[in-house]
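The block underneath contains the structure these notes are about, expressed in C-alpha cells.
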Amino acid sequence: VRAVVLCFPNNPTGAVMTLAEARALAAALEAELDAEEARGGGFVVLLDEVYLGIEGSAHVSLLQVASPRLARQACLVLSASKGLGAMPGARAAWVTAGDPALIGEMVKVQSAASGNASTISQAGLEAALTHCLREPQALSDVSEYYLQRATLMATRLNQLGLAHGLGALCTIPRSTFYVWADFSRLDSVQTDLEIFERLLDLGVAVVPGSAFSMEPEARLLRFSCAQDDLDDLERAVSVIDRALCQLRAAQ
Ligand SMILES: Cc1ncc(COP(=O)(O)O)c(C=O)c1O
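According to this note's numbering, the sequence shown holds residues 37 to 287 in order.
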C-alpha cells in the first residue's frame, strides 16, 4: 500500500496547517487520487496528529475539509502520550480508518510484528479519555501546561540568542511542547552535533536536527520542555547560556 504521510502539528518543527492550506492540500490529493485511480492504483493518507490537543481548539486536520471519498482513504493516528492522554511512555496509540478493510490489514501486520499496548496503558488511556469527555476543561489544562513550558523555553532561547549576537533562535510554539531552534549563526561550530555534545556534557539533553534527517550544518536543535518543574527549565537555560559562552570563546 502506498501512503502520503501528513504530520500536523509537526515533529520536529511544530508547524501547523491553516484551514486554507488544508483545503489546498485536499484538492491536490483529490487530483492525485484521480490520476492514480485512472492508472489502476491508489494511496492511503496517513494523518499523524498525535499532538492534537496541545494547540487547543485551533487544531486543523485534513479531515475537516476532506470529501467523503478522500476521508475514506484516510487513517488517523492518535496517541496516549501527547495532548490527549499526556502519558509519555504509555506506548498506547490507535488508528481510525475511513475504510474498515484497512484496519483488518493493519491488525494482520500488528499482531505478527508487535504485542498489544499493555493493560495498564490501556486502562490509563481509557481513564484519560473518559475524563476529557466528562470535563473538556482538562484538555485546555493540558494545552496550557505544555505551552507554558514551551513558551518559557522559546522566550529564554531568544533572549540568549540576542545576548550572544545570534539573533532570535526560534518562533514561539503554538502546538507542541518542544522548541525548534536555529543556531546557524553560531559560526564557531560546524554541525548540530557539536552543540548537542557540549550541552550533553553540561547536563542538558536535546535532539540534534540531523536525527530528523536535517543537514548537520544547518545547526538545528529540538528542545523538549515537558519537565514538570519550571525551575528545571530555568536551570537548563543557564546551562545553555554557559554552553554558548564556551562555544563562542572557542571561535
Ligand atoms: C509525530 C509523532 N508521531 C508519533 C509519535 C509516537 O508517539 P508514541 O510512541 O509516544 O505513542 C511521536 C513521538 O514522539 C511523534 O512525535
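The C-beta atom is built at its ideal place from N, Cα and C for all residues, glycine as well.
- When LEU120, PRO124, PRO136, ALA128 are compared, the shortest CA-CA separation from CYS111 is found for PRO136.
- Here DSSP, grouped into helix, strand and coil, assigns VAL225 to coil.
- Straight-line spacing of the CA atoms in GLU66 and LEU106 works out to 7 Å.
- Within the same chain, no Cβ atom closer than 7 Å to the Cβ of ALA159 is found once the five residues on either side in sequence are excluded.
- Using a cutoff of 7 Å, the CB of ALA186 does not count as near ligand 1, since none of the ligand's heavy atoms is closer than that.
- Taking every protein chain shown into account, the CB of SER93 has fewer than 16 other CB atoms within 10 angstroms, so this residue is exposed.
- In this structure, the CA atom of ASP264 is about 12 Å from the CA atom of LEU183.
- As for any alpha helix (DSSP H) of minimum length 4 sitting wholly inside the segment 132-158, the runs are 136-149, ordered along the chain.
- Look at ARG210: its beta carbon is at least 7 Å from all of the heavy atoms in ligand 1.
- The segment 119-137 and the segment 151-165 touch, with three or more beta-carbon pairs separated by less than 8 Å.
- Ligand 1 approaches ARG127 closely enough that one of its heavy atoms is under 7 Å from the residue's Cβ.
- Linking THR207 to ALA286 through their CA atoms gives a straight-line distance of about 27 Å.
- With a contact defined as Cβ atoms closer than 8 Å, ALA217 and PHE248 miss out at about 13 Å.
- The Cβ-Cβ distance between LEU196 and ILE139 does not fall below 8 Å.
- In the DSSP secondary-structure assignment, LEU257 is bridged to ALA217, PRO244.
- It is roughly 13 Å from the alpha-carbon of LEU99 to the alpha-carbon of GLU57.
- With a cutoff of 7 Å, ASN152 does not count as near ligand 1, since its C-beta is closer than that to no heavy atom of the ligand.
- The segment 81-90 and the segment 167-180 touch, with no fewer than 3 CB-CB distances between them shorter than 8 Å.
- Within the segment 42-91, the complete alpha helix (DSSP H) runs of at least 4 residues fall at 55-74.
- Assigned with DSSP and collapsed to three states, VAL37 falls in coil, not helix or strand.
- Contact between the segment 38-53 and the segment 72-83 is established, with three or more Cβ pairs separated by less than 8 Å.
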